[in-house]
Amino acid sequence: MSTPELVSAFYERIWNRGELAAAESILHASFSFRGSLGDQCAGIESFLDYVRTVHACLAQYRCDILDCVSEGDRAFARMRFSGSHVASLRGWEPTGLPVEWQGAALFTFRDGLIVSLWVLGDLAALESNLERNAVAQSAQQALRADAAS
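Now the structure itself:
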């Protein structure tokens with residue numbers, strides 16, 4: 010696969026479809042990951058645990074590639090991340106409501122596989138989504154309580 014195809018397969022198969030077994034054909038055995046949610050992973054299994062954690066917090070989690078540029082053994086992708094907030098995330102209780110934010114990812118390749126990934130997401134936008142949803146849910150609960158009384 011070309012480097013853009015590997016980036017696409019990484020997001021589509023592992024993140025969007027949840028095909029965790031595909032990691033062996035996409036990620037190098039010495040894969041390392043640094044994500045903007047504070048996690049750092051060394052090795053494929055550690056990274057897959059992170060994928061499971063994110064999916065547990067955000068149902069229907071998606072990573073959409075907005076742009077991808079590659080040169081040599083590196084690729085850069087501008088991303089949109091989205092999902093429904095269904096478990097505690099960054100200190101916010103779940104609302105079931107959608108969240109969306111953008112980010113950037115820098116991939117490094119070795120032996121035709123992804124060997125490292127550094128992701129920086131717009132956490133201010135994510136926090137804004139989480140706060141907005143919490144306020145909306147609180148207002149909705151107050152309206153229901155008023156209607157019931």
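Under the working numbering, the residue at position 86 of the sequence shown is numbered 95, and the numbers go up by one with no gaps.
The C-beta atom is built at its ideal place from N, Cα and C for all residues, glycine as well.
Keep in mind the model is a prediction, meaning the values are calculated, not measured.
- In the same chain as residue 131, and ignoring 5 residues on each side of it, the C-beta atoms closer than 7 Å to its own belong to 110, 111, 112, in chain order.
- Secondary structure at residue 84: strand, using DSSP grouped into helix, strand and coil.
- Within the DSSP bridge table, the entry for residue 128 names 114 as partners.
- Between the segment 140-147 and the segment 117-132 there are fewer than three inter-stretch CB-CB distances shorter than 8 Å, so the stretches are not counted as touching.
- Per DSSP, reduced to three states, the secondary structure at residue 95 is coil, with no helix or strand assignment.
- Residue 13 carries a helical assignment under DSSP once its states are collapsed to helix, strand and coil.
- For residue 115 and residue 76, the gap between their C-alpha atoms comes out near 12 Å.
- Sixteen is the threshold: when 16 or more other Cβ atoms of the shown chains lie within 10 Å of the Cβ of residue 98, as they do, the residue is buried.
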